[in-house]
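S.K.: The end of the sequence shown is residue 1286 by my numbering, with every number in the run present.
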Amino acid sequence: MSFSSFRLLRAVSRRELYITRPNFTASTTTLLNFPFSFTNGTRAAALPFSKTARAFSTATEEKSGGGGSKLVWIAAGLVGAGAGYYIFSTQQIIQKVEPLAEATPPPKKEIDYQSVYNQIADILEDNDYDDGSYGPVLLRLAWHSSGTYDKETGTGGSNGATMRFAQEGGYGANAGLNVARDKLESIKEKNPEISYSDLWTLAGVVAIQELGGPTIPWRPGRVDADVSLTTPDGRLPDAEKGAKHIRDIFYRMGFDDREIVALIGAHALGRCHPTRSGFDGPWTSSPTVFTNDFFKELLNKKWVEKKWKGPKQYVDKQTGNLMMLPADLAFIQDKSFKSWVEKYAKDEQLYFKDFAEAFTKLLELGVPFTGNEKVYTFKPTTQ
Ligand code: HEM
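And the structure:
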């Protein structure tokens, strides 16, 4: 018997062996103890067989010392017979149990993704939270876990869910996303088979669809990584910067201008929180409905710098209730970006179509799909 086949036995519990060989004598049971206790690598010295082995070496020492007692020889003979029996019995046992050790593990539970989708949809609404929905913050989580991708090195992206670890979770850009991660814990507990990386991206899809946005085709297959795959800080866009910086960040992921503008339209949803990013206020007057309103507001309102002690941001001159980040305004300051802002403000259907394509791409950046994954299109619970 090779050591590796010996090790195979690790997988089989002692109880299973008793079931396999119900007629063992007491001595066989003692022998059975040996391989199984040994598997933990520390207990051999405490075992009956090892004790016998130590007795053998002591006997040898006595012999070489010139004692030559008959008793020693009898003891040695008995031990030899015992060892022979041990090998014989162990081989018998292994022949019996090997098929058990090689048995295929039970198939992984199939995940019903539409059910997970519905469970997430169920926890979105909460009148005591922000504007009444967790959708926007879940969408931001999906985006921030994916937006770390770097096409040159193939690092980052939604695969891995490394924001679970304090290092990435603590990056300034991710401030407040613990709210989204914590919110999804109850779903993870009910569906432990889904990876965090699949769960977070799926939650982004739920948020968009449940808040009235386009259908987002989604594939599972992401695997959670350990902390070593955490990407360095600084991969997400800085809200205080302009068009050049935005291009640097999004071109690094592999997006073009049209896709970048489509993606930023997600600012129709949600708001800025002084306790998270430092900025304050919503971009539109319907922050829980997915629309092309971000583009309309950007073009049609007059934006003035907000007078306050916080970071530089803009508010609409008329009411002061809506806001824009310096980075948002870059989308009408840059000619190429602005041409797409105008198209999307005029044509919501075009916007929905382009957003769905760009967002699906975002969620899949760097994910090593096998190609056999089913692509899901989920039914909104509102239909
Ligand atoms: C130039 C690019 C971007 C910049 C500078 C930017 C910046 C920000 C900032 C500063 C906030 C406020 C966070 C807070 O205080 O809670 C925010 C919120 C948000 N962002 Fe972006 N973002 C960008 C692109 C995107 C993209 C591509 C998406 C999605 C596709 C997105 C979705 C959201 C959503 C939904 C919120 C609201 C979150 C909430 O209500 O809790 N953002 N963004």
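Positions of the beta carbon are idealized from the N, C-alpha and C atoms, including for glycine.
Touch check for the region 1229–1236 and the region 1138–1158: three-plus C-beta pairs under 8 angstroms?
M.R.: Flag = yes, the region 1229–1236 and the region 1138–1158 touch.
S.K.: What residues in its chain sit with their C-beta under 8 angstroms from that of residue 1017, if we drop five residues either side in the sequence?
M.R.: Here residue 1017 refers to the residue found at position 114 of the sequence shown. If we look at residue 1017 and ignore the five residues flanking it on each side, its Cβ neighbours are 1279, 1281, 1282.
S.K.: In chain order, what residues place their C-beta within less than 5 angstroms of a heavy atom belonging to the ligand HEM?
M.R.: My final list is 1039, 1040, 1042, 1043, 1046, 1079, 1140, 1142, 1149, 1166, 1169, 1172, 1173, 1174, 1175, 1176, 1179, 1180, 1230.
S.K.: Can you tell me where the beta strand (DSSP E) holding residue 1206 begins and where it ends?
M.R.: Looking up residue 1206 in the sequence shown gives position 303. Unbroken beta strand (DSSP E) run through residue 1206: 1206–1208.
S.K.: Could you tell me the boundaries of the beta strand (DSSP E) in which residue 1025 lies?
M.R.: Taking the sequence shown and counting its residues from 1, one reaches residue 1025 at position 122. Element bounds for residue 1025: not the beta strand (DSSP E) but the alpha helix (DSSP H), 1016–1025.
S.K.: When you compare the region 1030–1045 with the region 1103–1113, are there three or more beta-carbon pairs, one atom per stretch, that lie closer than 8 angstroms?
M.R.: Yes, the region 1030–1045 is in contact with the region 1103–1113.
S.K.: Residues in its own chain within less than 7 angstroms of residue 1136 by CB, not counting five upstream and five downstream?
M.R.: As a first step, residue 1136 must be located in the sequence shown, where it is residue number 233. So the list reads 1074, once near-sequence residues are dropped.
S.K.: Please state if the CB of residue 1176 and the CB of residue 1186 are separated by a distance shorter than 7 angstroms.
M.R.: Along the sequence shown, read from residue 1 onward, the residue named residue 1186 stands at position 283. Along the sequence shown, read from residue 1 onward, the residue named residue 1176 stands at position 273. Not in contact: residue 1186 and residue 1176 (Cβ atoms no closer than 7 angstroms).
S.K.: Taking contact to mean 3 or more Cβ pairs, one atom from each stretch, closer than 8 angstroms, check whether the region 1085–1097 and the region 1060–1073 are in contact.
M.R.: The answer is no - the region 1060–1073 does not touch the region 1085–1097, with fewer than three Cβ pairs under 8 angstroms.
S.K.: Can you give, in chain order, each stretch of the alpha helix (DSSP H) that sits fully within the region 1092–1175 and has at least 4 residues?
M.R.: If we require 4 residues or more, the alpha helix (DSSP H) runs fully inside the region 1092–1175 come out as 1099–1113, 1146–1156, 1160–1167.
S.K.: Under a three-way DSSP split, which group does residue 1052 fall into?
M.R.: To locate residue 1052, count along the sequence shown from 1; it is residue 149. Residue state, collapsed to three classes: coil.
S.K.: Looking only at its chain, what residues have a beta carbon closer than 8 angstroms to the beta carbon of residue 1120, apart from the 5 residues adjacent to it on each side?
M.R.: Position 217 of the sequence shown holds residue 1120. Closer than 8 angstroms at Cβ, skipping near neighbours: 1259, 1263, 1278, 1279, 1280.
S.K.: Exposed or buried, which one is residue 901 when buried takes at least 16 other CB atoms within 10 Å?
M.R.: Coverage of the chain is limited to positions 904 through 1286, which leaves residue 901 absent and any answer about it impossible.
S.K.: In whole angstroms, what is the alpha-carbon distance linking residue 1130 and residue 1099?
M.R.: Position 227 of the sequence shown, counting from 1, holds the residue named residue 1130. Position 196 of the sequence shown, counting from 1, holds the residue named residue 1099. Answer to the nearest angstrom: the Cα atoms are 14 angstroms apart.
S.K.: What residue does the beta strand (DSSP E) around residue 1217 start on, and which one ends it?
M.R.: Residue 1217 sits at position 314 when you count from the first residue of the sequence shown. Unbroken beta strand (DSSP E) run through residue 1217: 1217–1219.
S.K.: Taking residue 1213 as the reference, which of 1189, 1181, 1252, 1221 has the closest Cα?
M.R.: Here residue 1213 corresponds to residue number 310 of the sequence shown, with the count starting at 1. The option with the nearest alpha carbon to residue 1213 is 1181.
S.K.: In angstroms with no decimal places, state the Cα-to-Cα distance between residue 1242 and residue 1160.
M.R.: Sequence index remark: in the sequence shown, residue 1242 carries index 339 (1-based). Sequence index remark: in the sequence shown, residue 1160 carries index 257 (1-based). Approximately 10 angstroms, taken between the alpha carbons.
S.K.: Are the beta-carbon atoms belonging to residue 1192 and residue 1240 less than 7 angstroms from one another?
M.R.: Walking along the sequence shown from the start, residue 1192 turns up at place 289. Walking along the sequence shown from the start, residue 1240 turns up at place 337. No, they are not a contact pair.
S.K.: By Cβ distance, which residues of its chain are closer than 8 angstroms to residue 1272, with the 5 residues on each side in sequence left out?
M.R.: For the purposes of this step, residue 1272 is identified with residue 369 of the sequence shown, where counting begins at 1. Counting only Cβ-Cβ distances below 8 angstroms, and skipping sequence neighbours, we find 1122, 1124.
S.K.: When DSSP labels each residue in this structure, what does residue 1063 get in the three-state scheme?
M.R.: The residue given as residue 1063 occupies position 160 in the sequence shown. Coil at residue 1063, not helix or strand.
S.K.: Can you list, in chain order, the residues of its chain whose CB lies under 8 angstroms from that of residue 1156, leaving out five sequence neighbours each side?
M.R.: Locating residue 1156 in the sequence shown gives position 253, counting from the first residue. Correct list, in chain order: 1050, 1052, 1053, 1054, 1265, 1268.
S.K.: Using only alpha-carbon positions, find the residue among 1048, 1065, 1076, 1083 that is nearest to residue 1023.
M.R.: In the sequence shown, the residue the question calls residue 1023 occupies position 120. Residue 1083 is the option with its Cα nearest to residue 1023.
S.K.: Below 6 angstroms, is the gap between the Cβ of residue 1285 and the nearest heavy atom of the ligand PLP?
M.R.: As presented, the structure is devoid of the ligand PLP, carrying the ligand HEM as its sole ligands.
S.K.: For residue 1267, which of helix, strand or coil comes out of DSSP?
M.R.: Counting from one through the sequence shown, the residue named residue 1267 turns up at place 364. Residue state, collapsed to three classes: helix.
S.K.: Under the three-state reduction of DSSP, which class applies to residue 1039: helix, strand or coil?
M.R.: The residue labelled residue 1039 in the question sits at position 136 within the sequence shown. Of the three classes helix, strand and coil, the one that applies to residue 1039 here is helix, per DSSP.
S.K.: Excluding the 5 residues flanking residue 1096 on each side, which residues of the same chain have their C-beta closer than 6 angstroms to its C-beta?
M.R.: Indexing the sequence shown from 1 puts residue 1096 at position 193. Once the five neighbours on either side are set aside, the close Cβ partners of residue 1096 are 1012, 1014.
S.K.: What ranges does the alpha helix (DSSP H) occupy inside the region 1219–1254, keeping only unbroken runs of at least 4 residues that lie completely in it?
M.R.: Counting whole runs of 4 or more residues, the region 1219–1254 contains the alpha helix (DSSP H) stretches 1229–1236, 1238–1249.
S.K.: With distances taken from CA atoms, which of 1284, 1173, 1033, 1047 is nearest residue 1226?
M.R.: In the sequence shown, residue 1226 corresponds to position 323, counting from 1. Comparing Cα-Cα distances from residue 1226 to each of 1284, 1173, 1033, 1047, the minimum goes to 1173.
S.K.: Under 7 angstroms Cβ to Cβ from residue 1284, same chain only, skipping five residues before and after it: list those, please.
M.R.: In the sequence shown, residue 1284 corresponds to position 381, counting from 1. Only 1021, 1024, 1113 meet the Cβ criterion.
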